[in-house]
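Student: So the sequence lines, in the order shown, correspond to chains A and B.
The first sequence begins at 0 in numbering that gives the first Met the number 0 and counts up one residue at a time.
The second sequence begins at 0 in numbering that gives the first Met the number 0 and counts up one residue at a time.
Note that CB positions come from ideal geometry on N, CA and C, so glycine has one too.
Handing you this structure, nothing more for now.
2 protein chains.
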Amino acid sequence: MTEGDARDRILALGFEPAAADVLAAHFADAERRGKSGHGFRRVEWLASLDVDPAARAVLVESEEGFERWEGRGALGYLTLAAIVEATLAAPPERARVIVAAECFPTGVLGYWTRRLANRGLLAVLTATSPPRLGHPDGGPKLAGTNPLSIAVPSSDGKPLVSDVSWGRVTYGDVLAGAATEGDLVPFGGEQAHKAFAAALGLQALADALLGGGYGAVLLVAQPAADPVPDLRQRAAGVRFPGDG
Amino acid sequence: MTEGDARDRILALGFEPAAADVLAAHFADAERRGKSGHGFRRVEWLASLDVDPAARAVLVESEEGFERWEGRGALGYLTLAAIVEATLAAPPERARVIVAAECFPTGVLGYWTRRLANRGLLAVLTATSPPRLGHPDGGPKLAGTNPLSIAVPSSDGKPLVSDVSWGRVTYGDVLAGAATEGDLVPFGGEQAHKAFAAALGLQALADALLGGGYGAVLLVAQPAADPVPDLRQRAAGVRFPGDG
């Protein structure tokens with residue numbers, strides 16, 4: 000499938016051209032970065048969801064340092080795209096916390112933070128999903144894979160974009176048949192309690208800000224310094240997270 | 000050593016009584032929670048540092064959603080204690096990002112986030128340190144152990160407090176002789192690149208906000224919901240991060 004094919008199929012599901020552009024570009028970027036679990040196969044998955052293609056998120060609270068958006072039935076991808084555009088159009092003077100309630104699915108979080116970092120903003124993003132990770136010692140699944148993405152702009156045009164999820168495999172791997180639900184445990188082996196603690200902490204944090212349902216929490220801030228070029232120089236060729 | 004012994008030794012180093020209380024209480028809490036690398040042995044370590052016991056951090060920028068503090072030679076513990084007190088006295092209506100420059104050492108991050116969560120605030124805290132973690136494939140040390148602590152208040156009085164650092168062992172373990180510098184690598188075995196990515200992302204994020212030196216970045220926010228009691232009920236007895 001090409002990005003154009005994906006766009007055509009998404010249009011056929013009833014999405015408007017601008018929304019189809021957003022979705023097809025996200026899936027194509029995931030394919031290019033080797034994250035095919037978040038790539039074109041999600042087009043078919045979209046078709047299986049009961050979503051209103053015309054639904055759009057609403058900004059329900061807006062202050063300099065805090066915003067709350069509600070999905071109102073929109074796909075999470077489209078809500079995050081709207082938030083990124085609105086933030087780039089009116090960035091915070093210093094910092095802003097943005098809560099996106101009813102925001103699911105969210106795709107590759109690094110895709111959204113990278114767009115902000117490419118335009119000079121620091122970005123930290125997490126998002127919840129249905130419970131998929133339990134304590135490594137056993138018990139019920141309590142936390143989503145709840146990835147945490149951090150993007151830091153760089154004057155050399157190559158932002159640092161980390162994007163860490165807490166499972167040994169991704170749910171995309173499970174959807175792709177490359178792994179089973181049983182493989183979806185916190186990563187880290189003997190120290191998997193650390194990944195579980197991070198996932199559960201992010202779950203409770205997001206739940207406390209969202210007030211119910213699945214969603215995303217984004218922090219954007221203005222950098223006071225430009226540390227990435229120096230970090231890359233010190234790294235002497237070590238591959239950085241998010242580098243293509 | 001008891002908390003009182005620690006306090007006496009700290010007073011003998013020239014610290015004022017209020018500062019000695021803060022430091023001794025921090026070390027005693029670390030001992031009680033089994034984090035002895037951050038406990039009473041740090042009193043001797045304090046004596047080896049070249050610090051001005053009378054130095055105090057200054058709040059240099061203060062807005063509803065953003066604060067910047069500068070350590071001005073104060074111990075990081077004392078700077079974080081001052082920030083926690085100031086935040087509890089004047090909490091944000093919604094959310095606030097607090098940058099603490101020249102803030103080192105910071106001790107057990109969960110100690111500070113727990114104090115905020117015990118009073119109803121969501122708290123997320125990270126702090127940098129000298130470079131101690133390299134890429135698992137090799138190369139120079141690029142990131143501190145850069146722990147991330149998340150604390151979420153709970154109406155049952157038992158906040159969820161996660162506190163994850165990215166090393167297989169802590170630097171405290173190294174100081175205590177329980178591990179070597181060579182053991183201080185990103186945790187996760189075959190997936191240690193994930194812990195490295197989280198540590199490096201937090202390093203660059205903090206460096207970009209701090210503008211130089213070692214320090215801490217804190218996010219505090221008002222919760223919109225109370226998810227922890229329900230999470231504990233669903234957990235059916237699984238031990239939560241930070242539980243005693």
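(1) For tryptophan 44(B), is the classification buried or exposed, using 16 other Cβ atoms within 10 angstroms of its Cβ as the cut-off for buried?
(2) Which chain A residues sit within Cβ distance under 7 Å of lysine 193(B)?
(3) List the residues of chain B whose Cβ lies closer than 7 Å to the Cβ of phenylalanine 65(A), in chain order.
(4) Please list the partners that isoleucine 149(B) has in chain A, where partner means a Cβ-to-Cβ separation under 7 Å.
(5) Using a Cβ-Cβ cutoff of less than 8 Å, which residues in the same chain neighbour tyrosine 170(A) once the five nearest sequence positions on both sides are dropped?
(6) By a C-beta neighbour count over all protein chains shown, 10 Å radius and 16 as the cutoff for buried, is arginine 93(B) buried or exposed?
(7) Check the Cβ-Cβ distances between alanine 237(B) and every residue of chain A, and say whether any is below 7 Å.
(8) Mind checking valine 59(B): buried by the 16 CB within 10 Å criterion, or exposed?
(9) Between the alpha carbons of leucine 87(A) and glycine 119(B), how many angstroms are there, rounded?
(10) One question on the structure: do alanine 207(A) and proline 135(B) come within less than 7 Å of each other, judged by their Cβ atoms?
(11) Aspartate 162(B): buried (16+ other C-beta within 10 angstroms of its C-beta) or exposed?
(12) Please list, in chain order, the chain A residues whose beta carbon lies closer than 9 Å to that of valine 227(B).
(13) Does any CB atom of chain B fall closer than 7 Å to the CB of proline 129(A)?
(14) Quick one: give me the first and last residue of the beta strand (DSSP E) that glutamate 62(A) is part of.
(15) Is there a C-beta anywhere in chain A that falls below 7 Å from the one on leucine 121(B)?
(16) Cβ closer than 8 Å: which chain B residues qualify as neighbours of proline 249(A)?
(17) Are the region 212–220 of chain B and the region 99–106 of chain B in contact at 8 Å, needing three or more beta carbon pairs?
(18) Check the Cβ of glutamine 190(A) against every Cβ in chain B and list those closer than 9 Å, keeping chain order.
(19) In whole angstroms, what separates the C-alpha of alanine 194(A) from that of valine 123(A)?
(20) Below 8 Å CB to CB, which residues in the same chain sit around alanine 205(B) once its five sequence neighbours on both sides are set aside?
Tutor: This is what the structure gives:
(1) Here tryptophan 44(B) is exposed, its C-beta having fewer than 16 other C-beta atoms within 10 Å.
(2) Under the 7 Å cutoff, chain A gives Val163, Phe186.
(3) For phenylalanine 65(A), the neighbours in chain B by C-beta distance under 7 Å run, in chain order, Gly64, Arg93, Ala94.
(4) Per Cβ cutoff of 7 Å: Gly200, Leu201, Leu204.
(5) Around tyrosine 170(A): Gly36, Ser128, Arg131, Thr144, Leu183.
(6) The residue in question, arginine 93(B), is buried, as its Cβ has 16 or more Cβ neighbours within 10 Å.
(7) The question names alanine, but residue 237(B) in the sequence shown is valine. Against chain A, the CB of valine 237(B) has a partner CB under 7 Å away; the residue lies at that interface.
(8) Around the C-beta of valine 59(B), fewer than 16 other C-beta atoms lie within 10 Å, and the residue is accordingly described as exposed.
(9) Taking the straight line joining both Cα atoms gives about 32 Å.
(10) The criterion of a C-beta distance shorter than 7 Å is not satisfied by alanine 207(A) and proline 135(B).
(11) That one is buried.
(12) Per Cβ cutoff of 9 Å: Ala203, Asp206, Ala207.
(13) Interface with chain B (7 Å Cβ-Cβ cutoff): proline 129(A) is excluded.
(14) Segment 57–62, the beta strand (DSSP E) holding glutamate 62(A).
(15) Yes, leucine 121(B) counts as interfacial toward chain A.
(16) Here chain A has residues from 0 to 243 only, and residue 249(A) is not among them.
(17) By the criterion of at least three beta-carbon pairs nearer than 8 Å, the region 212–220 of chain B is in contact with the region 99–106 of chain B.
(18) Chain B residues near glutamine 190(A): Arg167, Phe186, Gly187, Gly188, Ala194.
(19) Each residue's CA atom was taken as its position, placing alanine 194(A) and valine 123(A) some 18 Å apart.
(20) Around alanine 205(B): Thr125, Ala126, Thr127, Asn145, Gly214, Ala215, Val216.
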